[in-house]
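**Student:** Below you'll find the structure I mean.
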Ligand code: FDA
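Numbering (the numbering used here), first residue to last: 125 to 625.
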């Protein structure tokens, strides 16, 4: 509409008063596409029909972020913040609404990492990747680690905003559990830290999901202790090598293992890979596996000893024979992506695994299935300590479907596989509500609708309680305080809590 285009012009004028033109990329500038695509991880959201930003602001200073928020408020232009661009549903750079005019605030250049080795703490810019953080921590001291995800190109900004789960989480919790301070630009364009933002906002930004509460510029995190040498293994079993039996047993065993041992399962190409990180040497790992999971037959020949930082390379690339500098590579292969995820409270019966295997896993379009154990520290943190409520499950279950061929046939096949499995597993997984981790965004759960100019709380509860259970209401209460006009908004942002009538 004409009013939208005059808002757009006024917004661009407002930006250019305070931000150098070289950092303001409209589609007419030749680096627009390159910047847009630089951290797109899901090609589904750059297909024709998805709406692109009319401008990308490549912020290099906190003031650029403040200006963008202030100009956006003044001229009714919404912004989507992007750190690493790994959102499963492309929420940081695309919209499915053809009428939405939005700007992307790209934080990729705000990625400084300062390590305070004497206190084992770090300040990390949201635009840094997990790989950059792991590399910098280990470069400061080989016994520093950080609990976060297994993919090195994930952005710190979105990841810490939604929780952050990985190989150290059974010992040290989520990334968000290890955040000590943060610098945030709020809906008024103010720069706040832990002491000025208040404890409710500080609670909400550590797991309440990206976008809703402001723009987090940087995070102060606690670095955790890892031994100089850790041990990993990856053991593959096919169906006729008892994969189904082993997975059935794994469900109760893995969450009860000592905290120093993380044992996940990846099912792909009809093989189950049991992949472990042990915070200790091979001999002790062999003893631990014999004591807890003798059926897997793990032995000394399976061990690979290495530094912790090398183990992060191994976990993603499935080999340790690459230099650690690969962690500094900010881009990775792009593919089409659809993920659904769940949580499991009681081991699924062997029969359920048998039928999952024959009915779904043998199909050529089967997704990568990831089983990640909880237990350990995960289970000892209160479900209301942070917005992430899913502390007491045995494990998390992910159907991660990625494919390279374009076209609706491929897309529909993959999407219906993922949705079909999710439906079929209903009797065996979390209930009332289905429990989903917010960093595994899934728009099938529902999307926001407006009511009186702001996001409807009643409608948002449908998806919101799946991500946050009882914490959803508190998140909405925080939203009413810090962004009552609902400026920071997307398909699944937190709505303000309506005032009691
Ligand atoms: P992106 O920039 O897309 O942002 C995600 C959301 O947060 C968007 O809504 C965005 O607007 C908002 N946002 C981004 N930066 C913000 C900021 N600074 N302030 C406020 N809001 C902000 N998770 C996990 O826990 N463990 C894992 O092992 C993995 N592994 C993994 C592998 C791969 C290949 C993918 C694609 C994803 C994962 N994830 C994961 C999920 C990942 O944690 C999740 O997608 C994060 O939100 C990604 O953060 P980015 O900054 O990269 O995303």
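Glycine residues also receive a C-beta, built at the ideal position from the N, C-alpha and C atoms.
Owing to the predicted nature of the structure, the values given are computational and were not obtained by experimental measurement.
Please tell me whether residue 452 and residue 259 are closer than 7 Å, where the distance is taken between their beta carbons.
**Tutor:** Yes; because the gap between Cβ atoms is below 7 Å, this pair is in contact.
**Student:** Rounded to a whole number of angstroms, what is the C-alpha to C-alpha distance between residue 440 and residue 132?
**Tutor:** So the two alpha carbons sit approximately 41 Å from each other.
**Student:** Three or more beta-carbon pairs under 8 Å between the region 492-503 and the region 429-447, yes or no?
**Tutor:** Contact fails: fewer than three Cβ-Cβ distances are below 8 Å.
**Student:** Does the region 296-303 come within contact of the region 323-331, defined as at least 3 CB pairs closer than 8 Å?
**Tutor:** Output reads yes: the region 323-331 touches the region 296-303.
**Student:** Hey, is residue 289 close to the ligand FDA, as in C-beta under 6 Å from one of its heavy atoms?
**Tutor:** Correct: residue 289 has its Cβ closer than 6 Å to the ligand FDA.
**Student:** Between the region 554-562 and the region 280-294, are three or more C-beta pairs nearer than 8 Å?
**Tutor:** Yes, they touch.
**Student:** Just grab the DSSP bridge partners of residue 337 for me.
**Tutor:** Answer by DSSP bridge pairing: none, since residue 337 is not bridged.
**Student:** Looking only at its chain, what residues have a beta carbon closer than 8 Å to the beta carbon of residue 543, apart from the 5 residues adjacent to it on each side?
**Tutor:** Only 464, 568 meet the Cβ criterion.
**Student:** Given this structure, state the Cα-to-Cα distance separating residue 612 from residue 310, to the nearest angstrom.
**Tutor:** If you take the alpha carbons of residue 612 and residue 310, they lie about 9 Å apart.
**Student:** How big is the Cα-Cα spacing for residue 379 and residue 385?
**Tutor:** About 10 Å.
**Student:** Under the rule that 16 or more other beta-carbon atoms within 10 Å means buried, what is residue 470, buried or exposed?
**Tutor:** So residue 470 counts as exposed.
**Student:** In terms of alpha-carbon separation, which member of 443, 230, 256 lies closest to residue 238?
**Tutor:** Looking at the Cα atoms, 256 is the closest of the given residues.
**Student:** For residue 130, is the classification buried or exposed, using 16 other Cβ atoms within 10 angstroms of its Cβ as the cut-off for buried?
**Tutor:** Residue 130 should be labelled exposed.
**Student:** For residue 274, verify whether its CB is less than 6 Å away from any heavy atom of the ligand FDA.
**Tutor:** Residue 274 Cβ: within cutoff of the ligand FDA.
**Student:** In angstroms with no decimal places, state the Cα-to-Cα distance between residue 418 and residue 527.
**Tutor:** C-alpha separation (whole angstroms): 36 Å.
**Student:** Following a CB-centred definition, is residue 233 positioned closer than 6 Å to any heavy atom of the ligand FDA?
**Tutor:** Every heavy atom of the ligand FDA is 6 Å or more from the Cβ of residue 233, so no.
**Student:** From this set, 412, 601, 396, which residue's C-alpha is nearest residue 402's C-alpha?
**Tutor:** For residue 402, the nearest C-alpha among the options comes from 412.
**Student:** Just curious, the alpha helix (DSSP H) that residue 568 is in, first and last residue?
**Tutor:** Careful: residue 568 lies outside any alpha helix (DSSP H) and carries neither H nor E.
**Student:** By a C-beta neighbour count over all protein chains shown, 10 Å radius and 16 as the cutoff for buried, is residue 150 buried or exposed?
**Tutor:** Its Cβ having fewer than 16 others within 10 Å, residue 150 is exposed.
**Student:** Got a sec: does the ligand FDA put a non-hydrogen atom nearer than 6 Å to the Cβ of residue 211?
**Tutor:** For the ligand FDA, at least one heavy atom lies less than 6 Å from the Cβ of residue 211.
**Student:** Quick check on DSSP: helix, strand or coil for residue 598?
**Tutor:** In the structure shown, residue 598 sits in a helix (DSSP, three-state: H, G or I).
**Student:** Does the region 228-248 come close enough to the region 169-188 to have 3 or more Cβ pairs within less than 8 Å?
**Tutor:** Output reads yes: the region 169-188 touches the region 228-248.
**Student:** Return the bridge partner residues of residue 575 from the DSSP annotation.
**Tutor:** Paired residues: 578.
**Student:** Could you check whether the Cβ of residue 389 sits closer than 6 Å to any heavy atom belonging to the ligand FDA?
**Tutor:** No, the Cβ of residue 389 stays beyond 6 Å of every heavy atom of the ligand FDA.
**Student:** From which residue to which residue does the beta strand (DSSP E) around residue 430 run?
**Tutor:** Start and end: 428-430.
**Student:** Residues in its own chain within less than 7 Å of residue 321 by CB, not counting five upstream and five downstream?
**Tutor:** Result list for residue 321: 308, in chain order.
**Student:** Start and end of the alpha helix (DSSP H) containing residue 72?
**Tutor:** Nothing about residue 72 can be read from this structure; the chain reaches only from 125 to 625.
**Student:** I need the boundaries of the beta strand (DSSP E) containing residue 519, first residue and last residue.
**Tutor:** Taken as a continuous stretch (DSSP letters only), the beta strand (DSSP E) holding residue 519 covers 519-527.
**Student:** Looking at residue 474 and residue 550, is the spacing between their C-beta atoms short of 7 Å?
**Tutor:** Not closer than 7 Å, so no.
**Student:** Less than 6 Å between the CB of residue 155 and some heavy atom of the ligand MN, yes or no?
**Tutor:** The ligand MN is absent from the structure shown, which contains only the ligand FDA.
**Student:** Would you call residue 574 buried or exposed, if buried means 16 or more other Cβ atoms sit within 10 Å of its Cβ?
**Tutor:** Residue 574 is exposed by the Cβ-count criterion.
**Student:** Could you check if residue 627 is buried or exposed, using at least 16 other CB atoms within 10 Å of its CB as the buried criterion?
**Tutor:** As shown, the chain starts at 125 and ends at 625. That puts residue 627 outside it, with no answer to give.
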